[in-house]
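Residue numbers (the working numbering): 727 to 825.
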Amino acid sequence: MGNTSARHRPPFGMPEGIVLLRTPGGWRHSILTTEGGMASGRLDRALADTEPDAARDAATTLVVELARDFHGTDVEVRWDPPGTADVWTGSVHPLPRHL
């Protein structure tokens, strides 16, 4: 028999933070998880000339959907003030469940 907990483990750890960076090829993200993992990639539909507000909105949607789809948890992303317009960091906070 296999390990039942391994079969039920989500393939993506619970997000706890995000870094968003504009590169010449477009916006990229690194999502940090509570387990110490990281998932990085290109932010779909966010070219290099996409405004920071639109890139942050797209990144927020990505994190919210990952938390909901893989962990059944609603979250919000709180963005820190930027050091520059091309680099943003944010923290992920679970929202209270409504019964």
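Glycine residues also receive a C-beta, built at the ideal position from the N, C-alpha and C atoms.
What you are looking at is a predicted structure, and each value in this text was computed from that prediction instead of being measured.
#1: Classify Leu747 as helix, strand or coil using the three-state DSSP reduction.
#2: Kindly provide the ranges of any beta strand (DSSP E) runs that are 3 or more residues long and lie completely inside the segment 783-818, ordered along the chain.
#3: Provide the residue span of the beta strand (DSSP E) that contains Thr760, from first to last.
#4: Is Pro737 helix, strand or coil when you go by DSSP?
#5: For Glu802, which residues from the same chain have a beta carbon less than 7 Å from its beta carbon, with the 5 sequence-adjacent residues on both sides left out?
#6: Counting only the same chain and skipping the five closest in sequence on each side, list residues whose C-beta sits under 6 Å from that of Thr786.
#7: Check whether the Cβ atoms of Ala772 and Ala765 lie closer than 8 Å to each other.
#8: Val789: buried (16+ other C-beta within 10 angstroms of its C-beta) or exposed?
#9: Could you tell me the alpha carbon to alpha carbon distance between Asn729 and Gly763, rounded to whole angstroms?
#10: Hey, Asp806 and Leu747 are a contact pair by Cβ (cut 8 Å); roughly how many whole angstroms apart?
On the basis of the data shown:
#1: The residue given as residue 747 occupies position 21 in the sequence shown. In this structure, Leu747 counts as strand in the three-state DSSP scheme.
#2: 801-805
#3: Working through the sequence shown from its first residue, we reach residue 760 at position 34. Here Thr760 belongs to no beta strand (DSSP E), and DSSP marks it neither H nor E.
#4: Here residue 737 corresponds to residue number 11 of the sequence shown, with the count starting at 1. Correct three-state label for Pro737: coil.
#5: By 1-based counting over the sequence shown, the position of residue 802 is 76. Cβ neighbours of Glu802 beyond the five flanking positions: His819, Leu821.
#6: As a first step, residue 786 is located in the sequence shown; it is residue number 60 there, counting from the start. So the list reads Val803, once near-sequence residues are dropped.
#7: On the sequence shown, residue 772 is found 46 positions in, with the first residue counted as 1. On the sequence shown, residue 765 is found 39 positions in, with the first residue counted as 1. Contact flag unset, no.
#8: Numbered from its first residue, the sequence shown carries residue 789 at position 63. With 16 or more Cβ atoms within 10 Å of its Cβ, Val789 is classed as buried.
#9: Start at 1 with the first residue of the sequence shown, and residue 729 comes out as number 3. Start at 1 with the first residue of the sequence shown, and residue 763 comes out as number 37. Residue placement at Asn729 cannot be trusted, given a pLDDT of 49 that sits under 50; the coordinates are not used to answer.
#10: As a first step, residue 806 must be located in the sequence shown, where it is residue number 80. As a first step, residue 747 must be located in the sequence shown, where it is residue number 21. That pair is no contact at about 14 Å.
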